[in-house]
DNA sequence: TTTATATGAAACCTTTTGGTATTACGTCAA
DNA sequence: TTGACGTAATACCAAAAGGTTTCATATAAA
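Residue numbers (our numbering), protein chains in the order written: chain A, 3 to 106; chain B, 3 to 106.
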């Protein structure tokens, strides 16, 4: 699996913000663009990069394009991070409890 | 905490490779450079980016600079990833077992 | 059918990035 | 002290990245 496009997609703050937004709700390009101080064309470029990185899926609905967060796209990043066992070992409990707390 | 420099540092494949190398052994700039087909100056730039991202620490030892992996530098990335609870929920068991297996 | 809307796509611009080459500086060893 | 060595710093270059503008196309609505 080619992880480079995924890491590249996450390297930009705007794209990370888009992902956080899409995490809770699917959105059209125009809807995403409303949240940023840039043109729709620029936002569309970011969405393309996110799609190339496998982090979102895009489906057509009439003349609109529905962008949705794709959790599975995170896999390459997670796989890479598992190289750092000691780090994860220290952090795993914190992470787990954070998730469990959030699931309350 | 400013996470942008950390995400940026991880966006380049050469820098990720350097991190994997430093994970098991501290190295001077020249030692790191031996493993890549580029000049020491280029490698040094990558090390500077990694340092800016908090992913490595650098200490002087005579005329040499010892570069060491800094696990704590991963924190911003991990913190950001915890936004995606559902994803982590699906993957947590796999990750945990992978780590436990590796610790054998 | 006309017209407005949502997106796609290309051309263009500026800044950043990844790389080289060159030069200077501090340190170790003979 | 005199080189040799490891690194720092600078100038420079090509390509990629992030953005805008403009125009074309497809669909929705009047």
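C-beta: ideal position from N, C-alpha, C; glycine also.
None of these values were measured; they are calculated from a predicted model.
When 9 Å is used as the limit between beta carbons, residue 63 of chain B is near no residue of chain A, the shortest such separation being about 23 Å. Excluding five sequence positions before and after residue 42 of chain B, the CB atoms of its chain that fall closer than 7 Å to its own CB belong to 31, 32 and 35, given in chain order. Here residue 13 of chain B is buried: its Cβ has 16 or more other Cβ atoms, across all protein chains shown, within 10 Å. At a cut-off of 9 Å between beta carbons, residue 70 of chain B makes no contact with chain A. Under the Cβ criterion (8 Å, minimum of three pairs), the stretch 8 to 28 of chain B does not count as touching the stretch 37 to 52 of chain A. Residue pairing for residue 60 of chain B: DSSP places it in a beta bridge opposite B:69. In this structure, the alpha-carbon of residue 74 of chain A lies about 29 Å from that of residue 51 of chain B. Distances from the alpha-carbon of residue 7 of chain A to those of A:21, A:22 and A:78 put A:78 closest. Here residue 11 of chain A really is in contact with residue 54 of chain A; their C-beta atoms are around 7 Å apart, less than 8 Å.
Counting of Cβ neighbours within 10 angstroms places residue 64 of chain A among the exposed residues, the total staying below 16. Around the beta carbon of residue 22 of chain B, fewer than 16 other beta carbons sit within 10 angstroms, so the residue counts as exposed.
Apart from the 5 residues on each side of it in sequence, residue 76 of chain B sits with its Cβ closer than 8 Å to the Cβ of 8 and 57 in its chain, given in chain order. The Cβ neighbour count for residue 61 of chain A, taken over all protein chains shown within 10 Å, is under 16; the residue is labelled exposed. Secondary structure at residue 30 of chain B: strand, using DSSP grouped into helix, strand and coil. Taking each of A:3, A:16, A:15 and A:20 in turn and checking the Cα distance to residue 59 of chain A, the smallest one comes out for A:20. A distance below 7 Å between beta-carbons, with the five flanking residues on each side excluded, links residue 18 of chain B to the following residues of its chain, in chain order: 12. Neighbours of residue 12 of chain B in chain A, taken as residues whose beta carbon is under 7 Å from its own, are 9 in chain order. For residue 76 of chain B, at least one C-beta of chain A is nearer than 9 Å to its own C-beta. With a threshold of 9 Å between beta carbons, residue 43 of chain A makes no contact with chain B. Closer than 9 Å to the CB of residue 83 of chain B there is at least one CB belonging to chain A.
Scanning its chain for C-beta atoms nearer than 8 Å, with the 5 sequence neighbours on each side dropped, one finds around residue 5 of chain B the residues 78, 79, 81 and 82, in chain order.
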